[in-house]
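Residue numbers (the working numbering): 4 to 434.
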C-alpha cells in the first residue's frame, strides 16, 4: 500500500494550456469535451472556477463567501475556524452577514454551492442557465457577441448582490419559516432540492418586488407544493428554471405563478390524476411526503392516537404503520411492491404499531370497535366511537371498518388513494 502511495509522484497529470484571447464559446467547448472523460464536472463547477480566478472584481472573496456559507449551514461551529484561519475573509463584509448561523442547528434547507449559485443567479439576473452566468462573468454582450469589461464588472457586482440576498438572515429564516408553515417541519419531508431552490427564487423576487408579506408566503407555499406534486424540476431542472424565470420577467411574478398553478392543478387533478399517481411503493414519493405535510398542517392526530399529533411523530421519528400488516399480506403471497404501497401507510405511535403487529385488519378493527364499546384499551387511548371515527377520518380510513366492513386489499388501496388525494386538496386550499 505504501509503495502504491509513493508511486503517485510518477503519475502523469495532463495539462491543457489555453491562450488568453480565446472566446468563451471555445473555452466552454473545451470544458465540455474534457468533461466527457473522467470525473464529470458541472456548469456550477465551471462557474465557481471562473469566480475564484477573478481578483479584479472580488471574485476570489465571493467564492469564499459561497463555500463558507454552505459549510456553516451544515456545521455552524466552523465559524471559529474561519475567524482564525482566514483573517482576510473575517475582515471582509461577508462574514458579519453570516455570523447569524453560529449556533443555528436547522437542517431544513442546507444548500450546496450549486444550489446557492443557481438561486442567486436566477433571482438576480432573470436567467436559469449557469452557462449564461459564466458568459456574463466573462463580459459577454449577448446582443453584439462581444466581450466587454464593463459587463464583467457589472455581472460580478450583480452576483455579489444576489449572494448577499441569499445569505441574509431575514430572507433565509423567513423562507424556511414559510416552508414550515406549510407543514414541511423536518428535512425528511423535503422531497426535491430544486423545487426548494426555485421556491426561494420566488421568495427573493417577491421581496424585491415588494409583494405583501402574507401574499408572498401564500405564493411560496403553493408554488412549492405544486412543484413537488407535478415534478416540475425533476427532469431537466435548469431548462425549467430558465423557462419559469423568463416568464416571470415577461409577465410579472404574480400573474405568471397564479396561471401556472391553476393550469397544473385543475379540479380534475385531485380526483383523477393524483389518485393514480399515488399507486406507488416509494417511501420518498412526493405524494406521501405531501400527505404527511398535509396532516401536519391540518393538525391531525396519529393513527389511533388520542393526544399525539402527526407533527409530534414526524419530528420525533414516529413509525409508519401498515393498515393491512405486511406479514399478513406476505402470507397471502404479496410482494414488497404491493404491501408497501403508500396508501397502506399511516403515521402511528410505535406502541400502537407493536400492539397491532401482524393481525389482520378484520381482527384488530373488531377489537377497536369493542374498545369503543367499553372493552379493553388495546390500541391507544380512544374509548369513544365518535372520537374514533374522527381519528379514522383524519387518517383517511373509512369509518365502515369499525362496523366490520373490511374490503379486499386492492379495493382498500383504491378507496384510500382517493381519500388521501382529497386531504391533500383540502391542505392545498388552506396554504
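Backbone N, C-alpha and C define an ideal beta-carbon position, used for all residues, glycine too. Quantities reported herein were computed from a predicted structural model and do not represent experimental measurements.
Cβ-Cβ distance between residue i and residue j below 8 Å
{"i": "residue 120", "j": "residue 50", "result": "yes"}
{"i": "residue 330", "j": "residue 361", "result": "yes"}
{"i": "residue 111", "j": "residue 168", "result": "no"}
{"i": "residue 434", "j": "residue 185", "result": "yes"}
{"i": "residue 115", "j": "residue 248", "result": "no"}
{"i": "residue 328", "j": "residue 359", "result": "yes"}
{"i": "residue 314", "j": "residue 326", "result": "no"}
{"i": "residue 194", "j": "residue 289", "result": "yes"}
{"i": "residue 69", "j": "residue 154", "result": "no"}
{"i": "residue 113", "j": "residue 161", "result": "no"}
{"i": "residue 343", "j": "residue 284", "result": "yes"}
{"i": "residue 82", "j": "residue 109", "result": "no"}
{"i": "residue 176", "j": "residue 60", "result": "no"}
{"i": "residue 66", "j": "residue 54", "result": "yes"}
Near the ligand NAD: residue i beta-carbon under 7 Å from a heavy atom
{"i": "residue 238", "result": "Inclusion of the ligand NAD in the displayed structure is not the case, the ligand content being empty and no account of it being possible."}
Residue from the options with nearest C-alpha to residue i
{"i": "residue 56", "options": "75, 71, 137 and 266", "result": "137"}
{"i": "residue 406", "options": "417, 303, 368 and 384", "result": "368"}
{"i": "residue 270", "options": "429, 97 and 339", "result": "429"}
{"i": "residue 100", "options": "59, 71 and 318", "result": "71"}
{"i": "residue 96", "options": "335, 171 and 78", "result": "171"}
{"i": "residue 431", "options": "375, 267, 390 and 311", "result": "267"}
{"i": "residue 307", "options": "345, 388, 342 and 54", "result": "388"}
{"i": "residue 346", "options": "154, 420, 89 and 233", "result": "420"}
{"i": "residue 384", "options": "301, 310 and 66", "result": "310"}
{"i": "residue 317", "options": "297, 333, 334 and 396", "result": "297"}
{"i": "residue 276", "options": "314, 232, 260 and 312", "result": "232"}
{"i": "residue 251", "options": "341, 211, 59 and 187", "result": "211"}
{"i": "residue 239", "options": "198, 264 and 334", "result": "198"}
{"i": "residue 122", "options": "67, 178 and 334", "result": "178"}
{"i": "residue 287", "options": "152, 192, 215 and 204", "result": "192"}
{"i": "residue 260", "options": "205, 213 and 302", "result": "205"}
{"i": "residue 94", "options": "73, 213, 418 and 64", "result": "64"}
{"i": "residue 237", "options": "340, 338, 103 and 196", "result": "196"}
{"i": "residue 336", "options": "412, 370 and 312", "result": "412"}
{"i": "residue 274", "options": "52, 418 and 103", "result": "418"}
{"i": "residue 392", "options": "378, 371 and 381", "result": "371"}
{"i": "residue 73", "options": "339, 152, 87 and 98", "result": "98"}
Cβ-based burial, residue i [other Cβ within 10 Å; buried from 16]
{"i": "residue 207", "result": "buried"}
{"i": "residue 135", "result": "buried"}
{"i": "residue 416", "result": "buried"}
{"i": "residue 348", "result": "buried"}
{"i": "residue 147", "result": "exposed"}
{"i": "residue 118", "result": "buried"}
{"i": "residue 364", "result": "buried"}
{"i": "residue 158", "result": "buried"}
{"i": "residue 16", "result": "For residue 16, the pLDDT reaches just 48, beneath the cut-off of 50, and the residue's location in the model is therefore unreliable, although a value from the coordinates is still provided. By the 10 Å Cβ count, residue 16 comes out exposed."}
{"i": "residue 414", "result": "exposed"}
{"i": "residue 235", "result": "buried"}
{"i": "residue 217", "result": "exposed"}
{"i": "residue 91", "result": "exposed"}
{"i": "residue 374", "result": "buried"}
{"i": "residue 304", "result": "buried"}
{"i": "residue 46", "result": "buried"}
{"i": "residue 190", "result": "exposed"}
{"i": "residue 76", "result": "buried"}
{"i": "residue 107", "result": "exposed"}
{"i": "residue 180", "result": "exposed"}
{"i": "residue 187", "result": "buried"}
{"i": "residue 302", "result": "exposed"}
{"i": "residue 62", "result": "buried"}
{"i": "residue 173", "result": "exposed"}
{"i": "residue 214", "result": "buried"}
{"i": "residue 88", "result": "exposed"}
Q: Ignoring anything shorter than 4 residues or poking outside the region 186-232, list the alpha helix (DSSP H) runs there in chain order.
A: 196-211
Q.
Any contact between the region 278-291 and the region 418-431? By contact I mean 3 or more CB pairs, one from each, below 8 Å.
A. Contact between the region 278-291 and the region 418-431 is present: three or more C-beta pairs spanning the two stretches fall below 8 Å.
(Q) Within 8 Å, do at least three Cβ pairs link the region 287-303 to the region 219-233? (A) yes
Q.
For the pair the region 317-331 and the region 350-370, tell me if three or more CB-CB distances fall below 8 Å.
A. yes
Q: Quick one: which unbroken beta strand (DSSP E) runs of 3-plus residues sit fully inside the region 328-409? Chain order, please.
A: 348-351
**Q.** Any 3 or more C-beta pairs closer than 8 Å across the region 237-250 and the region 123-132
**A.** yes
Q. Do three or more CB pairs link the region 214-224 to the region 141-155 at distances below 8 Å?
A. no
Q) Hey, is the region 388-403 in contact with the region 253-260, meaning 3+ C-beta pairs nearer than 8 Å? A) No, the region 388-403 is not in contact with the region 253-260.
Q | Length-filtered (4 minimum) alpha helix (DSSP H) runs lying within the region 235-311 | A | 240-254, 256-267, 277-280 and 289-300
Q) Going along the chain, which unbroken runs of the alpha helix (DSSP H) with 4 or more residues stay wholly within the region 63-89? A) 82-88
Q | In chain order, each alpha helix (DSSP H) run of at least 4 residues that lies wholly inside the region 114-167 | A | DSSP runs (the alpha helix (DSSP H)) wholly in the region 114-167: 116-128 and 133-140.
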